[in-house]
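Novice: These protein sequences, in sequence, are chains A and B.
So the first sequence is residues 64 to 304, counted in our numbering.
So the second sequence is residues 524 to 646, counted in our numbering.
For every residue, glycine included, the Cβ atom is placed at its ideal position computed from N, Cα and C.
The structure's right below; bear with me while I get my questions together.
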Amino acid sequence: MAHLIIDSDPLLRCFVGTRYRDLEKREAALQQAQAELAHVSRLTTMGELAASIAHEVSQPLAGVVTNASASLGYLDWDTPNLAETKKATRAILRDANRAADVISRLRGLFKRARPAKQPLNVNEATEEVVLLTRGEGRRNQVAFQLELAENLPLVMADRVQIQQVVMNLILNGIQAMSAVSDRGRVLTVKTERGESNKILVAVQDCGIGIDPGGYRTSVCCFSYHQTQRHGYGAFDQSFNC
Amino acid sequence: MSAESPSRQSEAIVYVVDDDLSVREGLERLLHAARWQVETFASAQEFLAHRKENIPSCLVLDVALPGLSGLDLQKRIQETNREIPIVFITGHKDVPTSVRADPNPRSERRTPNAERRTLNAER
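Okay, here's the thing in structure tokens:
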């Protein structure tokens with residue numbers, strides 16, 4: 064139900080949910096999407112993200128360890144500092160939940176389930192991907208900026224597929240900025256309501272344009288669309304608004 | 524942190540720069556529990572903008588900060604001729620290489636879950 068055309072212009076890579084009326088067109092788009100998605104998935108090896116995801120788990124765990132150590136320290140004071148111990152214990156709870164949250168989201172993102180369309184909150188799905196790719200951004204000194212539109216309607220879509228596409232757009236954006244050193248590397252992830260029942264998810268970077276030596280690897284998987292001005296992946300969506 | 528903290532090192536301050544809230548707060552508490560005076564910053568820019576007291580201090584610095592990195596910040600500090608020992612911390616196993624390459628002999632590496640015992644031992 065989707066075709067994905069990714070832009071060569073690093074300023075804007077986005078995909079749009081939309082409704083097709085033509086069934087044949089829909090089936091052709093589905094086949095194309097499946098082929099491209101398989102391609103994209105192969106390219107996005109788990110290994111590429113493994114370090115970042117491990118980091119996303121290890122950060123809250125570091126919080127757990129330091130807060131637990133701090134609690135022991137506070138209890139060792141001549142007059143045990145119970146107020147601070149309590150705060151540290153609350154932080155342990157928060158951080159442990161954060162680590163568990165990352166793991167449960169990860170499980171959802173990479174499970175090999177049959178594609179299933181369900182009412183989907185696009186903002187939630189996008190935020191989850193940002194959570195999992197933030198570490199990769201950090202590693203590349205990329206700051207994420209989230210601009211999520213409020214009150215978006217739910218869409219009927221397969222969560223895992225959408226998230227895999229958004230993830231690839233984000234990773235491409237991060238790579239596109241790897242040679243940027245004269246300005247801050249900012250990756251903007253936006254959701255917004257487009258025209259005629261469309262929800263737009265845009266991933267915008269401030270990369271350096273097409274530099275064959277610079278980020279060839281990030282665009283090669285989509286290279287046959289490089290002449291397009293903008294990139295859209297159009298998902299067939301029914302809106303429950 | 525609470526005003527009742529009896530600081531054994533009242534004339535010294537530990538600055539912590541880490542963009543991750545869990546790590547930053549955890550380190551702040553850990554150091555505070557070990558009775559250090561602590562100030563935390565979420566970014567290198569925030570640290571640079573802060574007016575530092577002219578008292579003995581050290582910097583606990585995350586290597587992989589978004590924007591201005593920990594190593595960039597180290598360079599900026601060196602340019603100002605300010606003497607401040609830096610303890611680098613990192614959650615990325617691949618980053619220490621770049622720190623190791625750094626000629627500054629005062630730099631040390633730690634992972635964020637440094638233990639209280641260590642902190643006490645180093646005083």
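(1) Residues of chain B with CB under 9 Å from Asn-160(A), in chain order?
(2) Going along the chain, which residues of the region 119-143 of chain A sit with their C-beta nearer than 7 Å to a C-beta in chain B?
(3) Considering just the uninterrupted stretch of the beta strand (DSSP E) at Ala-206(A), what are its terminal residues?
(4) Below 9 Å between beta carbons is the criterion; list the residues of the region 549-565 of chain B that meet it against any residue of chain A, in chain order.
(5) Could you run through the region 187-210 of chain A and flag, in chain order, every residue whose CB is less than 7 Å away from some CB of chain B?
(6) Check whether the region 215-231 of chain A touches the region 257-266 of chain A, taking contact to mean three or more Cβ pairs, one atom from each stretch, closer than 8 Å.
(7) Measure the C-alpha to C-alpha separation of Ser-545(B) and Ala-179(A) and round it to an integer number of angstroms.
(8) Going by C-alpha distance, which of Glu-199(A), Gly-257(A), Leu-138(A) is nearest Leu-232(A)?
(9) Secondary structure at Ser-566(B), three-state DSSP: helix, strand or coil?
(10) What alpha helix (DSSP H) runs, 4 residues minimum, are completely inside the region 126-150 of chain A?
(11) Can you give me the C-alpha to C-alpha distance between Asn-186(A) and Thr-129(A), rounded to a whole angstrom?
(12) Report buried or exposed for Gln-238(A), applying the criterion of at least 16 other Cβ atoms within 10 angstroms of its Cβ.
(13) Looking at Val-537(B) and Leu-553(B), is the spacing between their C-beta atoms short of 8 Å?
(14) Run through DSSP, which three-state label would Thr-641(B) get?
(15) What's the gap between the Cα of Ile-612(B) and the Cα of Glu-602(B)?
Specialist: Looking at the coordinates:
(1) Chain B residues near Asn-160(A): none, gap ~11 Å exceeds 9 Å.
(2) Taking 7 Å as the upper bound on Cβ-Cβ separation, chain B lies near residues Ser-121, Gln-122, Pro-123, Ala-125, Gly-126, Val-128, Thr-129, Asn-130, Ser-132, Ala-133, Leu-135, Gly-136, Tyr-137 of the region 119-143 of chain A.
(3) Ala-206(A) -> beta strand (DSSP E) spans 205-211.
(4) So the close ones are Gly-549, Leu-550, Glu-551, Arg-552, Leu-553, Leu-554, His-555, Ala-556, Ala-557, Arg-558.
(5) Gly-200, Arg-201, Arg-202, Gln-204, Val-205, Ala-206
(6) yes
(7) 35 Å
(8) Glu-199(A)
(9) Ser-566(B): coil per DSSP, three-state reduction.
(10) Counting whole runs of 4 or more residues, the region 126-150 of chain A contains no alpha helix (DSSP H) stretch at all.
(11) 32 Å
(12) buried
(13) no
(14) Low per-residue confidence applies at Thr-641(B): pLDDT is 45, beneath 50, and the placement is therefore not dependable, though the value from the model is reported in the following sentence. Taken through DSSP and simplified to helix, strand or coil, Thr-641(B) comes out as helix.
(15) 21 Å
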